[in-house]
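Remarks on the structure that follows.
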Amino acid sequence: MKRRFSPFYLLLVIGIIMVAAVFLKGGKEETENKVVVVVPQDPDYLDPHLAAAAGTFEMMFNVYEGLLKPAPDGSLLPALAERYSVTEDGLTYTFYLRSGVKFHSGKPVTATDVKYSLERLMGTQTGQPLSPFFAKVEAVETPEAQKVILRLKEVDAALLSNLTTAMIIPKDHLDLNTQPIGTGPFRFVEYRPGQRVVLEKFADYWQAGLPLLDKVEFRIIPDREAALIALKNGTVDIFPRIEPNRIAELSEEFYTLQEKQNLVQVLALNLKRPPYNDLRVRQAINYALNKDELIELAAFGFGTKLGSGFSPAMAEFYEPGLEDLYPHNITKAKQLLAEAGYPEGFRTVLSVPSNYSFHVDTAQIIVEQLKKVGIEAEIELVEWAVWLHRIYQGRDYEMTITGLSGKLDPLPVLIRYTSDYANNFFNYENAEFDRLNQLAAAESDRPKRAALYKEAQRLLAEEAAAVFLMDPHYLVALKKTVAGYRLYPLYVQDMSTVYLTNNDTR
């Protein structure tokens, strides 16, 4: 007599076999040498010469490299160039390329690729956002296959730092925005908009022993509540820039790291639009805001009050005391508004990128503080892509909140406010400020250079070019099975030294 099996029974047997297969393979699904990092937004471009968003750079830091690269302490390390020399007049830099370096395609890196990359980056015809940082480079020469010479029009004190952002790409590869190819520790696998960016270990990476992971996934989750749930349920391993008030919710399976972020959270005012073209109005808003309260309520105390466009993380160039230039003073704010012709205040729109909950929280507090001086601000939540296109590039806004990521050198930090800078979305124009930046960029004496940048910071503060709020501290939550994570004074996620461990004693 033949025995019949029900469909349910067959499904049960198949399920048991599948579970057993995973178990017999050593629990592959549980022990995959992979880490998942949550990020709040899609990359704007995968082409490193076109990308403008800091969130893109933090991911692609693992794919692309320059002649030099930053260290966690902010110093410069040799990367594709193993060494370099500079002439006494500071106008000629010679870089000697590291031998044996390959692109992810397997093609060796040559001086021709470096020349092509730098000249492409410096070109302005396609609107490369980094081209102003290399305006002083007159020529790129390749006398030998492993030697590159940069000849400058004038001294550029920021050149070496800026070269850490000048990513080298293969000359013969033209489709970087869909198939990025670099020299970094991880190679690009896939990008699914709104879902993830996946990288995998580059077996021929030039730095011996790295990376330690086989795969890295950047999981795109704009909603911070959903991101926290993903961390708690094990879907995500690393949560960069977690909100301080959520740390207490984490179980003993996690640990946190903290450091100053070298980031300027700013309330930008469109200086080309009334009433923000009036200095008295801008100063009134500075007086109206209580930054100590902002730090306490939005950052839960994990932040440093700012008074200009620099974070104290750049200690050598930072001008202390500017954070007290506009102490919280409602009476003074109302007086200035009245003098400017707004005795009853005015109505405005505060546009905020919706994927950054910290900025949204800050905006809500600012709205309440501005009400006390008669300014009625309506919050407009905008998607990140819209914010980049309409506000950052198109300068179509009244007020907005964003975070300006720190750099290794003051030049790219303060160039944002120069009159002819393409991404000066503040619309700030001041000939003296421009002059100070030009002098500082050409000054090789570091104390003199620092003095010039400090003077420029004071000018930004006195003219209320924006409302400089705080440097929110960098907090990252990690599973205790994740180790080797390093904090940088930059907006990067360096996954090259990260590894998985069974040590949960942290």
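The sequence shown runs 702 to 1207 under our numbering.
C-beta: ideal position from N, C-alpha, C; glycine also.
Evaluate residue i with the Cβ neighbour count: other Cβ atoms within 10 Å of its Cβ, from every protein chain shown; 16 or more gives buried, anything less gives exposed.
i, result
"T1101", "buried"
"Y890", "Per the sequence presented here, residue 890 reads as Val, with Tyr not at that position. By the neighbour-count rule (16 or more Cβ atoms within 10 Å), V890 is not buried but exposed."
"G885", "buried"
"P975", "exposed"
"L875", "exposed"
"S806", "exposed"
"G801", "exposed"
"S1052", "buried"
"R1147", "exposed"
"K973", "exposed"
"I1067", "buried"
"T732", "exposed"
"K992", "buried"
"P894", "exposed"
"S1106", "buried"
"K726", "Legend: pLDDT at K726 = 38, less than 50; position of this residue unreliable, no value from coordinates given."
"E759", "buried"
Within its chain, find whatever has a CB closer than 6 Å to the CB of residue i; leave out the 5 residues flanking it on each side and keep chain order.
i, result
"R1048", "E1077"
"V1050", "E1079, E1081, E1099"
"G1075", "E1045, G1046"
"N1203", "none"
"K837", "L853, K854, E855, D857"
"P741", "P923, N1056"
"K1035", "V1074"
Run through DSSP, which three-state label would residue i get?
i, result
"I870", "coil"
"K916", "strand"
"L845", "The amino acid occupying residue 845 in the given sequence is Glu; Leu does not appear at that position. Note: E845 maps to strand in three-state DSSP."
"T788", "coil"
"I1076", "strand"
"S1197", "coil"
"L831", "coil"
"V1114", "helix"
"I943", "coil"
"Q896", "coil"
"R1147", "helix"
"D745", "coil"
"L769", "strand"
"R888", "strand"
Enumerate in chain order the residues of its own chain whose CB-to-CB distance from residue i is below 7 Å, with the five nearest sequence positions on each side excluded.
i, result
"F887", "N763, V764, L900, E901, K902, F903, P912, V917, M1196"
"E1130", "S1120"
"D915", "N734, K735, E901, K902"
"T757", "P744, D745, Y746"
"A812", "L798, T843, E845, A846, Q847, K848, V849"
"V841", "K816, L819, E820, V849, L851"
"E1144", "A858, R1150, L1153"
Hey, how far is the Cα of residue i from the Cα of residue j?
i, j, result
"I850", "A867", "15 Å"
"E994", "T1119", "31 Å"
"P871", "D1097", "37 Å"
"T1182", "H1029", "45 Å"
"V965", "L1170", "7 Å"
"F709", "N934", "Low confidence applies to F709: its pLDDT is 42, below 50, so where it sits in the model is not reliable, and the reading given next is rough at best. Distance between the alpha carbons of F709 and N934: 29 Å."
"E1040", "R981", "8 Å"
"S832", "L1089", "18 Å"
"F804", "P844", "21 Å"
"V810", "Q829", "22 Å"
"Y817", "A1064", "43 Å"
"L861", "L1176", "29 Å"
"E944", "G1022", "28 Å"
"E839", "L864", "15 Å"
"V1087", "Q1194", "24 Å"
"Y785", "A752", "27 Å"
"T1005", "F919", "29 Å"
"R1150", "L951", "45 Å"
"R821", "H750", "8 Å"
"Y988", "I1031", "7 Å"
"E1043", "G767", "In the sequence on display, residue 1043 carries Tyr and not Glu. Approximately 51 Å, taken between the alpha carbons."
"F796", "K808", "20 Å"
"L1071", "E997", "17 Å"
"Q1094", "F834", "18 Å"
"N1125", "R1117", "5 Å"
"E960", "P773", "11 Å"
Note down, in chain order, each residue of its chain lying with its Cβ closer than 8 Å to the Cβ of residue i, except the 5 sequence neighbours on either side.
i, result
"S1055", "P923, V1061, L1082, V1083, E1084, W1085"
"A1157", "L1115, F1134, L1137, N1138, A1141"
"Q908", "P886, S1197"
"K685", "Residue 685 cannot be examined here, being either before or after the span of the chain that is shown, 702 to 1207."
Given 8 Å as the limit, is there contact between the region 997-1015 and the region 957-973, that is, 3 or more CB pairs closer than that? Contact between the region 997-1015 and the region 957-973 is established, with three or more Cβ pairs separated by less than 8 Å.
Is it the case that the region 790-810 contacts the region 855-864, given that we only count it when at least three CB pairs across the two stretches are under 8 Å? Yes, since at least three Cβ pairs between the region 855-864 and the region 790-810 fall closer than 8 Å, the two stretches touch.
Contact between the region 735-751 and the region 936-952 (3+ Cβ pairs under 8 Å): With a cut-off of 8 Å, the region 936-952 and the region 735-751 count as touching, because enough Cβ pairs lie within range.
The region 1103-1114 touching the region 1015-1027, judged by at least three CB pairs closer than 8 Å: Contact between the region 1103-1114 and the region 1015-1027 is present: three or more C-beta pairs spanning the two stretches fall below 8 Å.
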